[in-house]
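Right, one structure below, let's go through it.
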Amino acid sequence: MIESFLDELDARGMRVHSLLVHRHGELLLDFWQWPHEPGLRHKLHSATKSFTAAAVGFAEAEGLLGLEDPVSEFFPGAGDNFALMRVRDLLTMRTGHARGLSGATTRLRKTGWVGEFLEEPVVDRPGRNFRYSSTTSHVLSAIVQKVSGLPVDEYLRPRLFAPLGIADYEWERDPAGVSSGGNGLSLRPHDLLTFGLLHLYDGVWAGTRILPAGWVRKASGLHVPRAVSGEWNGQELVPPGPGAVANSGYGYQFWVHETGVYHASGLFGQECMIFPNHDAVVVITGAMADPTYHDLPAMLRNAFLCAFSQDIEPLDDRVLAARKPEVLSSEVDVPGFVRAFAFADNKQGVRSLTVEADADLLRLTVEDDRGTHVVEHGVGEWRRQDTGVSVWRLHHSYQEEDAPILAGARWLSADELELTWHFLEGPFIDHLLLRFEDDGVVLDHRVNCNSGPTELPTIRSVGP
């Protein structure tokens, strides 16, 4: 059953990075796809929201806030509608907003992200209609910070992460220093599994209560029976059409199904799915493009509800095959290649690039609107390094200064060079194609998945 599930994902181009299955106290499957491996963090995207909800649960238990507290209590001057909006409405995504705001646009702001939420018109009475929005979750993070004096990543360290043995994590903050409540948490998939198991065990870990008593029941409750996230227009989630189908309901920052299965869910195929009636948790991380990743939760739920009715089959051969590196093979050898190029203003932000290549190493130096970046590629093999090369236009507006990547180069011909960057802590794989001409170079840049365009406009160098 799991084999056929993986076959279906492959057939649809839904790339799996990891698949972990834990049932009856035992890790039954620990599947990894090259180049991803257990020691690497993975960006969770919107699965972050469920961790933010846990922070709210701790804050409620400590008497720092109440779920019926009005949002205006934390943001004086926010307006009358925010006096009607409660913390509970934030948890269940029923704020009264007409559209859902995304980190893809929020991350481009130079000021704190809470302002975008407070500026958004409230067109309906809060507590009624579901409107999925990452900024709503970010406001929960900001509220916890206001009442505790700590960003959520620090607030959760002694309460959640340390007791679970989770030490290797990163959590993005907005320009105001607020942990990104709707996305931006990166941790190891095995640690995401631990978080799921904590919920499976009703907040108790190794005999010690971690989450407040009763919180898991509230967080996994079906508070919104019919939850449709909306239609993505490239910048925001707008109300769905009249024929939209709701495959799940919603709890407190968890998606909840009528079967009792609930899950933390992130863009491009990041899922932590809890099966209370089967004593099981399944975690998957991956790189799945729009629209295929929308189908993943139902595929995952249906496959494992069926799989748990029988024995989990071993996947030894598939596991071994998945860990083999992709082969880099050039059609020709182009030794001693050195050329430099300049560009006029363009939508890739590139000002100049230099290519220096010998038999084993190719160095690409790019000067762009963020500075100068050097990426060293193996020729015929992969080269690992950290980079801050500019990719935010194709990476859901994420831009890191030291992202670990594998970089490889292969010559398609004496005049065509393909560069590939595997970003090891997220879903993205970038491909650059350079076509060399007598008087310059033509550059194309595309990515495997993004919430917006998956390729940038072609640019051509100027001058000799």
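Those letters in the sequence shown? Residues 110 to 573, by this note's numbering. We treat Cβ as the ideally placed atom computed from N, Cα and C, and that holds for glycine. It should be emphasised that the depicted structure is a prediction, and the values quoted were computed from it without experimental measurement.
- Between Ser211 and Glu345, the gap from beta carbon to beta carbon is short of 8 Å.
- Met408 carries a helical assignment under DSSP once its states are collapsed to helix, strand and coil.
- Here the C-alpha atom of Glu527 lies approximately 10 Å from the C-alpha atom of Asp539.
- Beta-bridge partners of Thr394 (DSSP): Ser127.
- The Cβ atoms of Gly122 and Thr394 lie no closer than 8 Å to each other.
- With a cutoff of 8 Å on beta-carbon distance, Phe363 and Arg268 are scored as not near each other.
- Along the length of the region 132 to 181, whole beta strand (DSSP E) runs at least 3 residues long occupy 135 to 141, reported in chain order.
- Annotated as proximal: Gly205 and Arg234, with beta-carbon spacing under 8 Å.
- Between the alpha carbons of Val333 and Arg569 lies a distance of about 51 Å.
- Judged by beta-carbon spacing, Ser357 lies within the 8 Å limit of Pro406, meaning their Cβ atoms are closer than that value.
- Cβ contact annotation for Ala523 (same chain, cutoff 7 Å, sequence separation greater than five): Val441 and Val443, in chain order.
- Judged by beta-carbon spacing, Leu331 lies beyond the 8 Å limit of Ile252, meaning their Cβ atoms are not closer than that value.
- Following the DSSP letters along the chain, one finds Arg326 inside the alpha helix (DSSP H) bounded by residues Trp324 to Ala328.
- With a cutoff of 8 Å on beta-carbon distance, Leu129 and Leu309 are scored as not near each other.
- In the three-state reduction of the DSSP assignment, Ile538 falls in the strand class, which pools E and B.
- Residue pairing by DSSP places Phe184 opposite no residue, since no beta bridge is assigned to it.
- Ranking Ile111, Arg479, Ser242 and Thr481 by CA distance to the CA of Pro348 puts Ser242 first.
- Counting the other CB atoms within 10 Å of its CB gives Asn411 a total below 16, which places it among the exposed residues.
- Within the same chain, Val551, Leu552 and Asp553 come within 8 Å of Thr567 by CB-CB distance, once the 5 residues on both sides are set aside.
- Between the C-alpha atoms of Leu470 and Ala512 there is a straight-line separation of about 20 Å.
- The residue among Ala336, Phe545 and Ala431 with its C-alpha nearest the C-alpha of Val447 is Phe545.
- Taking 8 Å as the cut-off, the Cβ atoms of His154 and His126 do not count as close.
- The alpha carbon of Val428 has as its nearest neighbour, out of Arg132, Phe452 and His145, the alpha carbon of His145.
- Per DSSP, the continuous beta strand (DSSP E) segment holding Glu380 begins and ends at Gln379 to Phe384.
- Annotation for Ile111: the continuous alpha helix (DSSP H) segment containing it runs Ile111 to Ala120.
- Minimum Cα-Cα distance from Glu279 among the listed residues Ile319, Tyr359, Arg240 and Arg297 corresponds to Arg297.
- Between Leu265 and Phe183, the gap from beta carbon to beta carbon reaches 8 Å or more.
- Cα atoms of Leu249 and Ala336: separation of roughly 19 Å, rounded to the nearest angstrom.
- Closest in alpha carbon position to Arg282, among Gly221, Val231 and Ala276, is Gly221.
- At least 8 Å separates the beta-carbon of Leu462 from that of Arg519.
- Counted as a single uninterrupted DSSP element, the alpha helix (DSSP H) harbouring His247 occupies residues Ser243 to Ser257.
- Distance check between Val483 and each of Thr368, Tyr371, Glu465 and Pro423 places Glu465 closest, using alpha-carbon atoms only.
- A direct Cα-to-Cα measurement between Gly274 and Asp467 gives close to 45 Å.
- Each of Ser499, Val391 and Gly549 was checked against the Cα of Arg555, and the nearest Cα belongs to Ser499.
- In this structure, Ala163 is the residue among Asn386, Asp420, Ala163 and Glu169 with its C-alpha nearest to the C-alpha of Gly291.
- In this structure Ala431 is not in contact with Asn557, their Cβ atoms being roughly 17 Å apart against a cut-off of 8 Å.
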